[in-house]
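Here the structure is laid out as structure tokens; the discussion comes afterwards.
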Amino acid sequence: MDPVLLVASIMVSATPILLAAIGEMVVEKAGVLNLGVEGMMITGAVVGFAAAVSTGSPVIGFAAAALASAVLSLSFGFLTQVLLSNQVATGLGLTLVGLGLSALVGASFEGVRAPGLGKLWIPGLAEIPVIGPMVFRHDFMVYVSLALVAGVWAFLKYTRAGLILRAVGEDHESAHALGYKVVRVRLAAIFFGGACAGLGGAYVSLVRVPQWTEGMTAGAGWIALAIVVFASWRPLGVLIGAYLFGGVTVLQLNLQAAGAKVPVELLSMSPYVITILVLVVISARGVHGAPGSLGRSFHAST
Amino acid sequence: MIRLEKRPQPSRLWTVVTPLIAVVLTMVVGGIMFALLGKPPLEAIRTIFWDPLFHPQFAGYSRPQLLVKAGPLILIAIGLSIGFKAGIWNIGAEGQYIMGAVTGAAVGLAFYPSESVLLFPLMVVAGALGGWAWAMIPAVLKTRFGTNEILVSLMLVYVAENILASASASWLRSPEGMGFPGSRNFKQWPAVHNDELIANTGLHWGVVAALIAVIAAYVLMARHIQGYNIRLTGEAPRAARFSGVSPARIVFLCLGISGALAGAAGLFEVTGPAGQITIDFNSGYGFTAIIVAFLGRLNPVGILLAGLLMALTYIGGELAQLMLGLPGASIQLFQGMLLFFLLATDVFTNYRIRFAKGELA
Amino acid sequence: MKRRTLLASAAMGLALAAAPAFAQDKPKIAFVYVGPVNDGGWSQHHHEAAVKMKEHFGDAIEMVEQESVPEGADAERVLTQMALSGADLIFTTSFGYMDPTINVAAKFPDVKFEHATGYKTAENVSAYSARFYEGRAITGYLAGAMTKSNKIGYIGSFPIPEVIRGINSSFLHAKKANPDVEMSVVWLSTWFDPAKEADATQALLDQGVDVVLAHTDSTAPLSVLEKAGGFGFGQAGDMYDYAPQPRLSSIIDEWAPYYIDRVQAIIDGTWTSQNVWQGIGDGMVGIGEITGPVPEDVKSTVLKMKDDIAAGTYHPFTGPINKQDGSAWLADGEVAEDGVLAGMDFYVEGLTAEIPN
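Chains as they are written, first to last, in the working numbering: chain B, 33 to 334; chain S, 4 to 364; chain A, 364 to 720.
Next up, the structure:
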């Protein structure tokens, strides 16, 4: 088994869930639990594909996907933040809407071929032996996803806006008392999360597969949710989690391809079991990790 | 900007009116969607909402089927609603439903081909225990380590799905199935077949259990001290602790009830309408039940009605596909819209809307 | 074709004779699919065959379809509603519909049912399956002949007899073309997950495989092969769009002729229950045009093999064949029995992996 190819495959396989998970992490950091990631991803997959096919430009496809999913996520934002509906139920509804809508929109794009996305060799770095072909010879979205992780990390850690976002997520009453616009911050976070999920979906339909088929995200959105938990709401953890989840899948397929006997079911449930164990470990240490206001509606009584 | 003013008490009037408004809105927007798809909108809506109940040709069959479809949804949603009232978010009912079915089926098949009348009750108990045990995992982790139950219960759904896959492909596979995945069919085993109790009514043990659960939940929440404790824990956790309610006990109680009911629902389904353990046995009942619980405003009677409404959109949606050739995805979208409108209009029940100058908080 | 035209004109004669009754009550033919009708694979090809059938009969029949029907309780309800709506013949196009079909058929003795890929029949229930392993012999041979690395890959869904038969047939014939060939099998535990199918294809390529046979529903493997290099085959449909690279040929689900025959039998009133397993010779399994850089001698070999299979002079499972553990299965010249093939749960000699579970 060639480790270079393996790592390169894992990076491609992990990118959609990494994109969706980093977005969802920001949403959850703001104290909102959006279970509609699957619905937003599939919307991104179909809109991205349609836009890329119509314009011939994958870049426009990704932009359109991000925008469409972000706009869709605002319906969730409006319901949960302005009309104070329950986030769990609304998120599930968003998934239903996304799956239904994407199938209707996408019907005319079945069997159509997508414009290819060229590899972007990072000058200099791509020539490094072993590391070069592993890490520095991917399409631009792989780098975008990594840059997003770094960006989110820096944003949350070093910027004032990031601090406000975390404050809103930890304790929305106090944040409100301090004069922060809880609802606005959350809507912005939801919008960002939607855009990221849209990019992730479009990566599936434009790069990883590449084609449009109804229901093609096949549960990736739910995996993204698991990764956020696995990461205990830290950007670096999201990166590790996404690569680990992607890695387990790719590794088990590679092991099978290499002729090893693999307990398929055991391996495919292992990421979830590991996630539970991680959750237990972080909560046993007393650091709950989860933002204090996660999933709770906020209504300013004054 | 819109301002919301919390009502001192949920409005009774709006509790009744909002679902109607939501249904009408869904009909209007859904009708536009059907028209865009080139289908007659009025006919489509009539087929979904009216025909399953009153169509001369179908109603005789589809009316009882409403019960069959709604039964598991109601049974699971009742259990979930009790936990939701206490602020305990079990969203892994799908996993508990699967584990109930698998455990109950495994216990039953261990005695194949026994004709004992005790076997079916034993399987029901085993199914409920299976679901209960699966729900105890997040309960123990929450009380012992403070682990978030939303996420643990959700993760356990995927673990359960993999167990289901392996059960249907190997250890519960029917020896007479020519190597195909899937267990023996319980419908061909009269002793354990959860058949209609009265022909052509749709009434099987699972529906009976759902109706009993509705009444029991009503009594528990309205009359019983534990119901009061559960509500108190949800509304004012600190006050609950001061008055001596153990939070851990509430967690075990709520997750236990919802897990056991979901497990029992799985068992009733596998021995009844579904007939066998197959790889796709779970068709999302556990997740749909969450929607039903919220549509029913976490109120037992509301859940009963919401379960029936949900079942109506499923069966009506099937009829619309059959009669008018509507694509399956449009029905899914239609259901999503209904849910969105119900959730959106719910705000009127708890809040007064004021249009005033002001900024978004 | 001639036979069918004949049948059609006979039907017209009959229709004219029975005109008054006929005009009022057109036969209603119903189809149930497990996936969406545009899944690119299994359900889509049943749907396309249904449409062809409808075009063949035109206004003489009425057709209704229902997609994405889950197997189990929902299927039983959908089938009952179809029967109640006056359907005369219902095609249930997925293995998981077997028990629901039998149950509903028992309640509607006057409605006829046709269940795909199962083994249970009744007075008013037929079973029909395709001998896809005949097609797999052709694609397996091409895979063996075209691999440069001597490594070919097979993407399987679930380890059920249908898939195991395909693997064995492909491998045996790949070996005929190239005695040094090795085959890797990857199980996905799903019929449909484009991303996973794409990953599996990539994993096989990474292992040095250069020809991939797929037994899952989507066209994802071909999309990956097109981009990454390597060869593959159309599955369920012709997928000619992918020729000449990566598509070499295809196994086509040709349900239309069967559907036309059976609907004709309903119109004629000659429908009786049967259990058929049809292959290339009956036209239920089609082999797409051979494209790409396939050498002429290979091409003529497989075309001859195809003709021999169609004529019944060659059976893809003809001895000597040993089982994986080296024990003898078929003696020299012996042909596999249908019963053994139907329940096949073992690999043939030379395959290195084990069947899961």
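Yeah, the Cβ is synthetic: ideal placement off N, Cα and C, and Gly gets one too.
Remark: C-beta atoms of residue 51(B) and residue 271(B) do not approach each other more closely than 8 Å. Proximity of residue 31(S) to chain B, defined by a Cβ-Cβ separation below 8 Å, is not satisfied. Annotation for residue 445(A): no beta strand (DSSP E) segment contains it, though the alpha helix (DSSP H) segment containing it runs 436 to 447. Residues of the same chain with a CB within less than 8 Å of the CB of residue 686(A), apart from the 5 flanking positions on each side, are 692, 709, 710, 711, 712 in chain order.
Around the CB of residue 300(S), 16 or more other CB atoms lie within 10 Å, so the residue is classed as buried. Here residue 698(A) carries a strand assignment [DSSP, helix/strand/coil]. Straight across, the Cα-Cα distance linking residue 281(B) with residue 261(B) is about 19 Å.
In the three-state DSSP reduction, residue 638(A) falls in the strand class (E or B). For the stretch 313 to 333 of chain S, the beta-carbon criterion of a distance under 9 Å to any beta-carbon of chain B is satisfied by 330, 331, 332, 333. Counting along the chain, residue 408(A) sits inside the alpha helix (DSSP H) bounded by residues 405 to 420. Nearest C-alpha to residue 50(S) among 351(S), 319(S), 331(S), 357(S): 319(S). In terms of beta-carbon proximity, residue 598(A) stays away from the interface with chain B, with every pair separated by 8 Å or more. With a 10 Å radius around the Cβ and a threshold of 16 neighbouring Cβ atoms, residue 560(A) comes out buried.
The beta carbons of residue 262(S) and residue 162(S) sit no closer together than 8 Å.
Sequence-distant partners of residue 157(S) (beyond 5 residues in either direction) whose C-beta falls short of 6 Å from its own C-beta, in its chain, are 94, 95.
Under the three-pair Cβ rule at 8 Å, the stretch 494 to 510 of chain A does not count as touching the stretch 200 to 213 of chain S. With at least 16 other beta carbons inside 10 angstroms of its own, residue 293(S) counts as buried. Note on the stretch 77 to 119 of chain B: whole alpha helix (DSSP H) runs with a minimum of 4 residues are 90 to 109, in chain order. Residue 547(A) counts as buried, since no fewer than 16 other beta carbons sit within 10 angstroms of its beta carbon. Taking all protein chains shown into account, residue 60(B) has 16 or more neighbouring C-beta atoms within 10 Å of its C-beta and is therefore buried. Cβ-Cβ distances below 7 Å link residue 461(A) to 478, 481, 483 in the same chain, with the five nearest sequence neighbours on each side left out; the list follows chain order. About 6 Å separates the beta carbon of residue 612(A) from that of residue 650(A), a gap short enough to meet the 8 Å contact definition. Rounded to the nearest angstrom, the Cβ distance from residue 682(A) to residue 142(B) is 44 Å, too far for a contact under 8 Å. Taking all protein chains in view, the Cβ of residue 700(A) is surrounded by fewer than 16 other Cβ atoms within 10 Å, so the residue is classified as exposed.
When Cβ-Cβ separations below 8 Å define contact, residue 650(A) makes no contact with chain S.
When the beta-carbon positions are compared, residue 101(S) and residue 285(S) come within less than 8 Å of each other. If you check the CB distance, residue 93(B) and residue 102(B) do not come in under 8 Å. Across the stretch 164 to 193 of chain S, CB contacts with chain B closer than 7 Å involve 165, 168, 169, in sequence order along the chain. Taking the Cα positions, residue 33(S) is about 14 Å away from residue 345(S). Residues of chain A whose Cβ lies closer than 9 Å to the Cβ of residue 276(S) are, in chain order, 435, 436, 437, 439, 440. Rounded to the nearest whole angstrom, the C-alpha separation of residue 203(S) and residue 439(A) is 14 Å. The shortest C-alpha to C-alpha distance from residue 212(B) to any of 196(B), 226(B), 203(B) is the one to 196(B).
Taking C-beta atoms as the reference points, residue 90(B) and residue 233(B) fail to come closer than 8 Å. Looking at the DSSP output, residue 203(S) sits in no beta bridge, so it has no partner there.
Per DSSP, residue 259(B) is one residue of the alpha helix (DSSP H) stretching across 252 to 262. Residue 528(A) carries a helical assignment under DSSP once its states are collapsed to helix, strand and coil.
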